[in-house]
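Working notes, beginning with the structure itself.
Numbering (the working numbering), first residue to last: 30 to 360.
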């Protein structure tokens with residue numbers, strides 16, 4: 030398993046309702062997409078051979094990408110110069126300590142405002158903070174109301190240092206039926222700067238990806254449920270929520286995947302994984318385009334010095350595509 034020579038991935042020919050299908054990697058639904066995508070850009074496969082790639086995050090300080098292979102319990106580092114190399118092994122807990130877990134590895138990653146790495150660790154059933162210089166990992170959220178979390182999945186940091194994270198049961202063997210499951214819901218949580226943990230919502234079946242709008246007034250949370258494949262918009266205090274995007278109409282045998290990880294642009298647009306690849310959504314949830322990866326795609330993030338490249342973890346691969354959008358972290 031390692032870095033593969035960059036290669037163009039040609040996905041199934043897509044239709045473009047408002048124009049001719051000149052680029053099979055892009056499917057345009059609305060003219061607004063033309064100002065946000067490079068319509069001539071093609072997908073590049075950067076590395077392959079993973080079991081389920083996830084959790085990409087760009088490290089601007091070190092000019093590299095980190096991502097996880099959750100079932101294999103490894104976190105990877107990718108750079109233009111070195112390709113993909115092992116970063117953390119195990120990324121979660123050692124196999125001998127993982128009785129009762131279907132996925133003991135780390136999942137979602139984020140770079141904190143203080144420069145540390147935030148890790149959603151399935152095996153620890155916790156959110157951790159890792160110091161890059163020492164490698165020391167500290168558990169910062171492990172329980173709610175005295176009960177262990179299921180398996181924290183994705184995390185985003187607010188401007189005040191609050192952490193928002195999802196807690197589906199994917200890490201547990203048997204998931205909702207696991208005897209290890211202590212929480213009575215698959216929740217979305219807020220960890221305040223003073224350490225208080227609040228459950229924001231308890232009605233989602235499989236909460237997964239989570240991001241914030243540019244003004245930090247709206248959380249976007251995906252639900253990876255084939256019966257209800259939606260993205261919710263939610264107040265950061267959990268006081269209200271509604272459906273932003275319903276992926277059900279896009280589901281088909283030729284469009285693998287469900288709503289999962291997301292990336293937000295400076296303009297407030299959302300690149301959201303879903304059936305067939307990665308959707309480009311307006312802030313009101315209107316689908317503008319789809320990047321056709323041809324694979325079930327777990328997550329995405331912006332990267333490179335200018336913040337215009339979208340990196341995607343798609344099943345067994347790491348891939349990227351250039352855009353004309355700029356990631357929120359480059360604001």
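The beta-carbon is built from N, C-alpha and C at its ideal position, and this holds for glycine as well.
Beta carbon of residue i nearer than 9 Å to that of residue j
i: residue 215; j: residue 174; result: no
i: residue 134; j: residue 155; result: no
i: residue 366; j: residue 289; result: Outside the shown range of the chain (30 to 360) lies residue 366, about which nothing can therefore be said.
i: residue 230; j: residue 263; result: yes
i: residue 96; j: residue 328; result: yes
i: residue 138; j: residue 161; result: no
i: residue 182; j: residue 195; result: yes
i: residue 261; j: residue 268; result: no
CB-CB length for residue i against residue j, believed under 8 Å
i: residue 61; j: residue 358; result: Not a contact, Cβ separation roughly 23 Å.
i: residue 142; j: residue 190; result: 7 Å
i: residue 346; j: residue 315; result: Their Cβ separation, rounded to whole angstroms, is 29 Å, which puts residue 346 and residue 315 out of contact at 8 Å.
i: residue 152; j: residue 127; result: 5 Å
i: residue 166; j: residue 148; result: 7 Å
Cβ-based neighbour list, residue i, same chain, cut-off 6 Å, excluding 5 preceding and 5 following
i: residue 59; result: 317
i: residue 240; result: 185, 249, 291 and 293
i: residue 99; result: 81, 83, 132, 134 and 136
i: residue 220; result: 170, 192 and 226
i: residue 108; result: 93
Close beta carbons around residue i, own chain, < 8 Å, minus the five adjacent residues each side
i: residue 70; result: 52, 54, 55, 350, 351 and 352
i: residue 245; result: 187, 188 and 265
i: residue 118; result: 102, 103 and 104
i: residue 35; result: Residue placement at residue 35 is flagged as unreliable, the pLDDT there being 36, under the threshold of 50; the coordinate-derived value follows with that caveat. Result list for residue 35: 73, 74 and 75, in chain order.
i: residue 304; result: 258, 276, 279, 280, 281, 284, 285, 286 and 287
i: residue 110; result: none
Nearest neighbour of residue i, chosen from the options [CA to CA]
i: residue 235; options: 228, 206 and 257; result: 257
i: residue 94; options: 78, 112 and 77; result: 112
i: residue 332; options: 343, 356 and 342; result: 356
Residues near residue i in its chain [Cβ-Cβ closer than 7 Å; skip 5 each side]
i: residue 130; result: 151, 152, 200, 201 and 202
i: residue 116; result: 95, 104, 105 and 106
Original post:
Are three or more beta carbon pairs between the region 293-304 and the region 345-360 nearer than 8 Å?
Top reply: The way I'd put it, the region 293-304 does touch the region 345-360; three or more beta-carbon pairs between them come closer than 8 Å.
Original post:
Do the region 328-336 and the region 78-89 meet, that is, are 3 or more Cβ pairs less than 8 Å apart?
Top reply: As far as the Cβ criterion goes, the region 328-336 touches the region 78-89, which means the pair count is three or higher.
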